[in-house]
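Structure first, commentary second.
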Amino acid sequence: MTSVERRWTSRLTGLPAFDTSGYRHVVAVAAHPDDETLGASGILQALHDNGCRVDVVVASDGEAAFPKLGQRERTELGHRRRLELAESLRVQGIDAEVHWLGLPDSGLTEHADEMVAALRELLADADCCLLPWPNDPHPDHSIVGKSVLAAAPVTTHCWSYPIWMWHWTAEESEEIPWRHAYGYELSPAQRHRKSSGVQAFVSQLERGPDGSDPILPPDVLEHFDRDCEVLFRQPRRQSTPIGRFQELYAGNADPWHTKDSWYERRKRATLLAALRANATGTPWNRPATPAR
Ligand SMILES: [Zn+2]
1002 MTSVERRWTS
1012 RLTGLPAFDT
1022 SGYRHVVAVA
1032 AHPDDETLGA
1042 SGILQALHDN
1052 GCRVDVVVAS
1062 DGEAAFPKLG
1072 QRERTELGHR
1082 RRLELAESLR
1092 VQGIDAEVHW
1102 LGLPDSGLTE
1112 HADEMVAALR
1122 ELLADADCCL
1132 LPWPNDPHPD
1142 HSIVGKSVLA
1152 AAPVTTHCWS
1162 YPIWMWHWTA
1172 EESEEIPWRH
1182 AYGYELSPAQ
1192 RHRKSSGVQA
1202 FVSQLERGPD
1212 GSDPILPPDV
1222 LEHFDRDCEV
1232 LFRQPRRQST
1242 PIGRFQELYA
1252 GNADPWHTKD
1262 SWYERRKRAT
1272 LLAALRANAT
1282 GTPWNRPATP
1292 AR
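Residue numbers (the numbering used here): 1002 to 1293.
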């Protein structure tokens, strides 16, 4: 174990446990094919094994992993990475529908609006979403995380997974929201399946076609070979910014005219009367008198 990884693991003991029960439909969103597996394989396995429907959304094909490649080689790499994700999910035992957004790898910051529009539809039914940590130092990861938070319904529980934070950020950084961190402990079987899933991303483990270094060398991979995965709980999005109410009340103490509008006064009186009737019972909700 490298000294970097040792420093991280010492921070991970005692985190509250992430509870995988109770979810019906999870959508895991990734910037590149492999993020979801590196960041949350064990959690996805557990959700899937609990009977939860699993969808995976991948913003790009990851074709720009090796920037020196020409257009034709990039297209080939993108195809290869799509196949790698299918194989990876298969060996992890995760039966998931994969949605490819086909946006340009390393250029996702310029396509945030398209992402938000696509994600709005894909997340409409999700009660759980796993997204890249919005403060991840990789710009693609960061914009995908932010787009998810802009698109997710207020009823969706959003949890973010870090990827490049482990490699590029110091563990004492104030950017890391440790107070929102939860840990999920992988069983030996889950850890084994995760390892097989990571090994399926062969293009990221070997040297690039241009001879450049692997994207996932051993000192990066060791951050994902732990018995614990970490998620940050993302606060729920406010449906209306608080500033809107401050503006409304700044110039008028009763912006809804509850005191001088006949309609508002009548609505309030009707509501209060209904509440009183409900407390004592009404002809239509009073318990039936038992037959004698
Ligand atoms: Zn990535």
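The beta-carbon is built from N, C-alpha and C at its ideal position, and this holds for glycine as well.
This one's a predicted model, so the numbers in the text were calculated from it and none came from an experiment.
- A contact is defined here as three or more CB-CB pairs under 8 Å, and the stretch 1134 to 1143 meets this definition with respect to the stretch 1161 to 1175.
- By the beta-carbon neighbour count (other beta carbons within 10 angstroms, threshold 16), His1142 is buried.
- Exclusion of the five residues before and after Gln1235 leaves Leu1150, Cys1159, Trp1160 and Ser1161 as the residues of its chain whose Cβ lies within less than 7 Å of its Cβ.
- Within the same chain, Cβ atoms closer than 6 Å to the Cβ of Val1027 are found at Leu1048, Cys1053, Val1055 and Cys1129, the five residues on either side in sequence being excluded.
- For the pair Ala1031 and Ile1095, the Cα-to-Cα distance works out to about 16 Å.
- Note on the stretch 1053 to 1123: whole alpha helix (DSSP H) runs with a minimum of 4 residues are 1072 to 1093 and 1113 to 1123, in chain order.
- For Trp1169, the uninterrupted alpha helix (DSSP H) run begins and ends at Met1166 to Trp1169, by DSSP.
- In the structure shown, the three-state DSSP call for Phe1202 is coil.
- In the DSSP assignment, Trp1160 falls within the beta strand (DSSP E) that extends over His1158 to Tyr1162.
- If the five residues before and after Glu1176 are omitted, its C-beta is found closer than 8 Å to the C-beta atoms of Asn1136 and Thr1170, all from its own chain and listed in chain order.
- When Leu1131, Arg1082, Ile1144 and Val1058 are compared, the shortest CA-CA separation from Gly1043 is found for Leu1131.
- Rounded to the nearest angstrom, the gap between the Cα atoms of Glu1098 and Ser1197 is 19 Å.
- Distance from Glu1115 to Leu1124 at the Cβ level is roughly 15 Å; contact not present, criterion being Cβ atoms closer than 8 Å.
- Ligand 1 has no heavy atom closer than 8 Å to the beta-carbon of Gly1209.
- The beta carbons of Val1203 and Ala1152 sit about 32 Å from each other, so the pair does not count as a contact at 8 Å.
- Contact between the stretch 1033 to 1041 and the stretch 1066 to 1086 is established, with three or more Cβ pairs separated by less than 8 Å.
- Contact between the stretch 1174 to 1191 and the stretch 1012 to 1020 is established, with three or more Cβ pairs separated by less than 8 Å.
- Rounded to the nearest whole angstrom, the C-alpha separation of Gln1072 and Ala1065 is 10 Å.
- Counting along the chain, the unbroken alpha helix (DSSP H) around Leu1039 starts and ends at Asp1036 to Asp1050.
- Inter-residue distance for Ser1022 and Gln1046 is about 12 Å (C-alpha atoms, whole angstroms).
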